[in-house]
Amino acid sequence: MRFTVVDPRGRVSFIAPCSTLEALVAACASETQPRTLEHLLKAAEPFVGDLSERVLSGLAVFDEHNSPSNYRWIHAALDYCVPQDAPVFRVVDPRTEEISLSPVRAGVVVFNLLAKRIVQLQNTYSEIRRKGRVRVLRNNQPTDRVHRYELPEDWSLVPSRASR
């Protein structure tokens, strides 16, 4: 599934297992109210293990190979890779914007941390709900512990269950 995160520094898009969806929603519901990609990933860590490391390492590679005047590397990678193997990237131009909003396998979900909005552009995996549960991991392995979460009222889900 594709996940695109909007924060004060821009937009970042990455592919992750579908189970990442619940972890990111639970992270949005955390007491820390994540405002940046890094804070979101940190809040999701108990539920998705090494996602933060994979995304931030991918961004470091993106930043090393691309510059504001030259996006050939990311364009070549997006041309070469099948969608589910696409690298982590920043949205920097119309091409990367289009891809950041394109579904991969079960869909694409946008987490807008600025507007406190979760947009399900396409989601055939699992309906996002304001309240839910997510399994806690230890050493990237599931435990018997389950974390319950509830999105604060100032977060919106689009489309919301009520609009269906």
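Okay, so the sequence shown: first residue is 12 according to the working numbering, each after it adds one. We put the beta carbon where it would ideally sit given N, CA and C, even for glycine.
Judged by DSSP secondary structure, P105 falls within the alpha helix (DSSP H) whose first and last residues are P105 to S111. Comparing alpha carbon positions, the residue from P98, R116, K53 and A71 closest to L132 is R116.
If you ignore the 5 residues before and after D104, its C-beta comes within less than 8 Å of the C-beta of Y82, all in its own chain and listed in chain order. For D18, the pairing in a beta bridge is given by DSSP as G21.
C39 sits buried, since 16 or more C-beta atoms from the chains shown fall within 10 Å of its C-beta. Annotation for E164: no beta strand (DSSP E) segment contains it, and DSSP assigns it neither H nor E. With distances taken between CA atoms, Y160 lies nearest to R146 out of V130, N150 and R146. Considered as a whole, the stretch 65 to 145 harbours 118 to 123 and 128 to 134 as its complete beta strand (DSSP E) runs of no fewer than 3 residues, in chain order. The continuous alpha helix (DSSP H) containing C39 extends over residues T31 to C39.
Between V36 and V99, the beta carbon gap of about 20 Å keeps them out of contact (Cβ cut-off 8 Å). Rounded to whole angstroms, the gap between the alpha carbons of R20 and L48 is 9 Å. If you ignore the 5 residues before and after T31, its C-beta comes within less than 6 Å of the C-beta of V59, all in its own chain and listed in chain order.
Counting other Cβ atoms within 10 Å of its Cβ, R46 stays below 16 and is therefore classed as exposed. Within a 10 Å sphere around the beta-carbon of V157 sit fewer than 16 other beta-carbons, which makes this residue exposed.
DSSP places P57 in the helix class (H, G or I) of the three-state scheme.
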